[in-house]
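The next block holds one structure in the form of structure tokens; read it before the comments.
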Amino acid sequence: MKDMTINPAIPFDLPPLFEGQHMINGTWQDSASGETFERRSPSHGHTVSRSALGGEAEAEAAIQAARTAFDSGAWSRASGKERATVLLKVADLIEQNVDRIAVIETLESGKPISQARGEVGGAADLWRYAASLARSTHGDSHNTLGADMMGVVLKEPIGVVSIITPWNFPFWILSQKLPFALAAGCTVVVKPSEMTPSTTLMLGELLIEAGLPAGVCNIVLGHGVPVGSVLSTHQAVDMVSFTGSTAVGKTISSVASDTLKKVALELGGKNPQVIFPDADLESAADAVVFGVYFNVGQCCNSSSRIIVHEDIAEAFTKRVVDLSRKVKFGDPMDPTTQVGAIVTPEHNAKIDAYVKDAQAAGAEIAMGGDRLQVEGLGDQFYQPTIVTNVQPDMPIARDEVFGPVLTVLTFKTLDEAVALTNDSIYGLSAGVWSTNVHTCLEFARRAEAGTVWTNTWMDGFPEVAFGGVKQSGQGREIGQYGFEEFFEVKSVVMRIGDSRAPWVSQD
Ligand code: NAD
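For the sequence shown, counting from 1, position 190 maps to 356 in the working numbering; every step adds exactly one.
What follows is the structure in structure tokens.
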């Protein structure tokens, strides 16, 4: 049997260098300093994009544009129908531009082209769903306060929202936030990751084409400090919606507290799949392989640890190893490739250190365990890696490794499986595999996670809220719950007629 399946480099025409500018108040602008930064492809090594390097001046200008646009009411007081019309147009434009956007997404992130196409094309559905919410927003009415009183609770857009996104799903994660904020009537400033800035700008072009008024969505390129810090601290910003690492999420939460702005955080995870002996083991093994290698494991939802019943642990792990050998790693531009490159050489070294440290501490490597050399592309790749004989207190079993690395733990009882699941600072997602509905339900209720999958992994829908508990985040995205994050609530209490008794005596 082959050790692993590797797709070597294929020939393709490189797109021209993507030159990115800030989008502020409806115009494309360079930085005042004239400075730029470049992104090299993790897989191909060439320079994919050169972007304006934003600083405090650009962040300030973008926030002011968003503030002015919000206060003007042109978008914040527009009807749901008007907002929905623009969002639906954006969805159509996304679908018309999938291939163009997906190539840049692949070359900047290192993810396979088939996955980038799925991510970009699939995002159109998030825009359509948000458009439907724009037209169905409503508050509450209170008609039981007495004959002379009535109350209504209005939902109002929260105001100016800073959106800060990571590099691993740049187009998708932006689309989990932006259309919902816009549907609510908010105005926004977006800061994409410095590693994957360009597809956010491509979306910006589509927003202008769809007729979004100037200043409603602004994009500032640059690093977390200073651009992200200004977006998280500025007095004129009402909310920060952040997706990224738990460490940066904590910083944002702390610095945003000075102005008491609302903070919504989507952070890291150490997500287990628990496998009981009565499960459909073939399907479970396939889902484990999908869960750990999707996006090279550089995924908040990566199922980087499995917790397997000890009676089946050996046979199940062997099946996972066998399937792992068939997963196609290699050139992300090859449409058959399933797993691409690691985002930076530094991150590749970090993944490798976790594996080597675990090995030194007594863990065993059932497969992989080293960098992967892909013919014609170099070694910014990592082998599919399965680590057994892992102790629950090892860093590899506790930390977010963010690579194609699976750790295997075992259990005897459901109580033990639940305890191992919950023995984590994270609580993003968890999965359970069993044909016994009682086992699945009990696990689902006891698992400390924002999402629990039973007999499946990573299925998601625009309608179903997503987010984490514990140090995986606060607040929710998508679905009705995610939409609600972008509102303030205002109570209007009304007296009918002249029944109000004076407070000051008339004597
Ligand atoms: P990161 O935290 O390093 O960066 C995320 C964004 O924050 C980038 O745009 C970065 O420039 C910006 N940033 C950095 N320092 C900042 C600061 N001090 N103030 C404001 N902004 C700052 O994360 P990353 O490496 O881009 O992404 C990987 C992480 O994201 C992983 O931990 C992953 O689990 C998490 N993630 C979570 C979800 C989720 O939905 N829960 C989804 C995807 C990724």
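Think of the CB as a built atom: it goes at the ideal place given N, C-alpha and C, for glycine as much as any other residue. Everything numeric in this text was worked out from a predicted model, so none of it was measured.
On a Cα-Cα basis, can you pick out the residue from Y295, N191, A228 that is closest to G645?
Y295
Leaving out the 5 sequence neighbours to the left and right, which residues in its chain are closer than 6 Å to A223 when beta-carbon positions are compared?
A198
Buried or exposed for V391, going by 16 or more other Cβ atoms inside 10 Å?
exposed
Do the region 470 to 484 and the region 510 to 519 touch if we need at least three Cβ pairs shorter than 8 Å?
no
For T576, write down the residues that DSSP places opposite it in a beta bridge.
V474
Which whole-angstrom value is the C-beta distance of V454 and S470, which I expect to be below 8 Å?
Contact doesn't hold; Cβ gap of about 10 Å is too wide.
With a threshold of 16 other CB atoms inside 10 Å of the CB of K277, please say whether the residue is buried or exposed.
buried
What three-state label does DSSP hand L538 in the structure shown?
Judged by DSSP in its simplified three-state form, L538 adopts strand.
For my contact list, G108 and L387 are in at a C-beta cut-off of 8 Å; report their separation, rounded to the angstrom.
Because the chain here runs from 167 to 673, residue 108 falls outside it and cannot be looked at.
Which residue from S590, K428, L348, G626 puts its Cα closest to that of G239?
L348
If I measure Cβ to Cβ from V670 and keep anything under 8 Å in the same chain, skipping five residues before and after, which residues do I get?
none
Ends of the beta strand (DSSP E) at S195?
Note that residue 195 is Gln in the sequence shown here, rather than Ser. From DSSP, the beta strand (DSSP E) with Q195 extends over 193 to 195.
Roughly how many whole angstroms lie between the Cα atoms of M167 and A532?
Interpretation of M167 is limited by its pLDDT of 47, a score under 50 that renders its predicted location unreliable; no figure is taken from the coordinates.
What's the C-alpha gap between R612 and C606?
Their backbone Cα atoms lie some 10 Å apart in a straight line.
For a test of your reading of the model: does the CB of T502 fall under 7 Å from any non-hydrogen atom of the ligand NAP? Yes or no.
This structure does not include the ligand NAP; its bound ligands are the ligand NAD.
Determine the contact status of A430 and G569, defining contact as a CB-CB distance below 8 Å.
no
Could you tell me which of S298, K321, T310 sits nearest to H304, measuring between CA atoms?
Residue K321 is the option with its Cα nearest to H304.
Between N467, D424, S307, which lies nearest to I339 when the distance is taken from Cα to Cα?
Measuring from the Cα of I339, the nearest candidate turns out to be N467.
Could you spell out the range, first to last residue, of the alpha helix (DSSP H) harbouring A519?
511 to 526
Are P443 and D477 close, meaning C-beta to C-beta below 8 Å?
yes
Check P392 in the structure and name its three-state DSSP category.
Helix.
List the DSSP bridge partners of N151.
A query on residue 151 cannot be resolved here, the shown segment of the chain reaching from 167 to 673 and no further.
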